[in-house]
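The structure appears below as structure tokens.
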Amino acid sequence: MFLGTHTPRLDEKGRLILPAKFRDELAGGVVVTKGQERCLYVFPTPEFQRIAEQLRAQPMTHKAARAYSRVFFASAHDEVPDKQGRVTIPAHLRAYAALNRELVVIGASTRVEIWDKVAWETYLAESEDDFADIEEGVLPGGL
Numbered sequence: 008m009f010l011g012t013h014t015p016r017l018d019e020k021g022r023l024i025l026p027a028k029f030r031d032e033l034a035g036g037v038v039v040t041k042g043q044e045r046c047l048y049v050f051p052t053p054e055f056q057r058i059a060e061q062l063r064a065q066p067m068t069h070k071a072a073r074a075y076s077r078v079f080f081a082s083a084h085d086e087v088p089d090k091q092g093r094v095t096i097p098a099h100l101r102a103y104a105a106l107n108r109e110l111v112v113i114g115a116s117t118r119v120e121i122w123d124k125v126a127w128e129t130y131l132a133e134s135e136d137d138f139a140d141i142e143e144g145v146l147p148g149g150l
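With the numbering used here, the residue at position 35 of the sequence shown is 42, and numbering never jumps.
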């Protein structure tokens, strides 16, 4: 399970050093792809394969599933982190997430998310009040 918030930097070659806390689980390979709210999702390869199976199980007649699958898979980039725990973020993904040098990398349970620092701060500022006010629905039965 991926937890916490980290603030690495993107180097001049578009590489990110994964937080040390995440490296063991990601050492076997990662898939980086477009996420919601203009962040990037980083999945361990087995988790990406699980999600791919779920998407493949959707009928081809389901328009939203087709559209989501196209973007999700077409933008995906797979690689194995190097010995320093670095992964390259391709230019098309850096552009999608408007990544600058300063990043925020968060643990989001079964995935890691990469955000531009300013975009994350804006998202968090807009979302924390909603989070504090949620009573039911997200977790059936509550906490």
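Glycine included, each C-beta is placed from N, C-alpha and C at the ideal position.
{"Check": "Under DSSP, the alpha helix (DSSP H) around PHE55 begins and ends at which residues?", "Outcome": "52 to 63"}
{"Check": "Name the two residues that bound the continuous alpha helix (DSSP H) containing VAL5.", "Outcome": "This structure does not reach residue 5, given that the chain is present from 8 up to 150, and the question cannot be answered."}
{"Check": "With a threshold of 6 Å on Cβ separation, who are the neighbours of TRP127 within its own chain once the five nearest residues in sequence on each side are excluded?", "Outcome": "VAL111"}
{"Check": "Report the option in PRO53, THR12, ILE96, THR52 whose CA atom is closest to the CA atom of GLY21.", "Outcome": "ILE96"}
{"Check": "Using 8 Å for Cβ pairs, my map puts VAL119 next to VAL49. What's the rounded Cβ distance?", "Outcome": "4 Å"}
{"Check": "Suppose the cutoff is 6 Å on Cβ atoms and the five residues either side in sequence are ignored; what does the same chain contact list for SER134 look like?", "Outcome": "none"}
{"Check": "Could you tell me the distance, in whole angstroms, from the CA atom of LEU106 to the CA atom of MET67?", "Outcome": "33 Å"}
{"Check": "Thinking THR40 and SER82 are a contact (beta carbons under 8 Å), I'd like their distance in whole angstroms, please.", "Outcome": "5 Å"}
{"Check": "Apply the 10 Å Cβ neighbour rule to GLY42 and answer buried if 16 or more other Cβ atoms are within range, or exposed otherwise.", "Outcome": "buried"}
{"Check": "Any idea which residues DSSP pairs PHE9 with across the strands?", "Outcome": "SER116"}
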